[in-house]
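Below is one structure, written out as C-alpha cells; the observations come after it.
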Amino acid sequence: MRRIARPYTYGPEPVARCWWAQTVKTPVWPRPAGQLTADVAVIGGGFTGLSAALHLAEAGEDVALCEAEAPFWGASGRNGGFCCLGGAKADDAALAWRHGEDGRRDWHRTERAAVEFAGGLIDRLGLDV
Ligand SMILES: Cc1cc2nc3c(=O)[nH]c(=O)nc-3n(C[C@H](O)[C@H](O)[C@H](O)COP(=O)(O)OP(=O)(O)OC[C@H]3O[C@@H](n4cnc5c(N)ncnc54)[C@H](O)[C@@H]3O)c2cc1C
163 MRRIARPYTY GPEPVARCWW AQTVKTPVWP RPAGQLTADV AVIGGGFTGL
213 SAALHLAEAG EDVALCEAEA PFWGASGRNG GFCCLGGAKA DDAALAWRHG
263 EDGRRDWHRT ERAAVEFAGG LIDRLGLDV
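For the record, in the sequence shown the residue sitting at position 50 is 212 according to the numbering used here, with numbers rising by one throughout.
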C-alpha cells in the first residue's frame with residue numbers, strides 16, 4: 163500500500179504525545195478471551211467502525227467490535243477535530259470540471275449531510291464534545 167504521509171504518522175508517537183493522551187486517563191479496554199461469537203463483526207474502532215457498530219446494535223443486531231490497538235488509535239484519534247464544510251482540496255471549479263455539475267452538487271450535499279449526521283449523533287447521545 164502506498165501511503166501519503168511519512169511512517170511516523172502511522173505509529174504510536176502522534177497519539178502518545180497528543181493532548182488527549184496526556185489529559186485523559188485511558189480506559190483498560192476488554193480483550194476477548196477464548197472464542198467470541200457474534201452475528202456481525204466490525205473490524206476497526208475508528209469513527210467508521212464505531213458508528214457502524216453503534217447503529218447495528220441499536221437496530222438489535224448482535225455485534226462485536228474488534229480493534230487491534232484501542233478505540234480511536236487510528237486517524238480518528240489523531241485528527242484535527244474539524245467537523246465542518248470545506249473539506250475538499252479541490253475548489254468548486256475543479257470539482258465541476260472533474261465530476262460535472264451534478265457531481266459537484268452531490269459532493270456538497272454529502273458533505274453537509276455528514277456534518278448534520280455528526281451533529282445529530284452528538285445531540286441524541288448528549289456527547290460532551
Ligand atoms: C492528521 C490527520 C488530521 C485529520 N483532520 C481531520 C479533521 O480535522 N476533520 C475531519 O473530518 N477529518 C480529519 N481527518 C480524517 C479523519 O480522521 C479520517 O477520515 C477518519 O478518522 C477515518 O476514520 P476510520 O474509522 O475510517 O479510520 P481510523 O480512525 O483509522 O480507524 C481504523 C481503525 O481500525 C483499526 N484496525 C486496522 N486494521 C485492523 C485489523 N486488521 N483488525 C482490527 N483493527 C484494525 C486501527 O487500529 C484503527 O483504530 C484527519 C486525518 C489525519 C490523519
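Heads up, the beta-carbon is just placed ideally off N, CA and C, and yes, glycines get one too.
Distance, residue j Cα to residue i Cα
i: Arg-267; j: Leu-257; result: 9 Å
i: Ala-215; j: Ala-226; result: 7 Å
i: Ala-206; j: Asp-290; result: First, the amino acid is wrong: residue 206 is Gly here, not Ala. Cα to Cα, Gly-206 sits roughly 23 Å from Asp-290.
i: Arg-286; j: Arg-168; result: 38 Å
i: His-261; j: Asp-254; result: 10 Å
i: Ala-276; j: Gln-184; result: 29 Å
i: Arg-179; j: Gly-282; result: 31 Å
i: Lys-251; j: Met-163; result: 22 Å
Simplified DSSP assignment, three categories, for residue i
i: Val-291; result: coil
i: Val-186; result: coil
i: Ala-275; result: helix
i: Ala-280; result: helix
i: Ala-252; result: coil
i: Ala-178; result: helix
Presumed contact (8 Å Cβ cut-off) between residue i and residue j, rounded CB distance
i: Gly-208; j: Gly-248; result: No, Gly-208 and Gly-248 are not in contact; Cβ-Cβ is about 22 Å, not under 8 Å.
i: Glu-223; j: Val-204; result: Incorrect: roughly 10 Å between the Cβ atoms, too far for contact.
i: Pro-233; j: Leu-212; result: 7 Å
Residue i Cβ short of 7 Å to ligand 1 heavy atom set
i: Trp-182; result: no
i: Ala-178; result: no
i: Trp-259; result: no
i: Phe-244; result: yes
i: Glu-175; result: no
i: Ile-284; result: no
i: Glu-231; result: yes
i: Ala-226; result: no
i: Trp-235; result: yes
Where are the beta strand (DSSP E) runs, 3 residues long or more, that stay fully inside the segment 214–271, in chain order? 225–228
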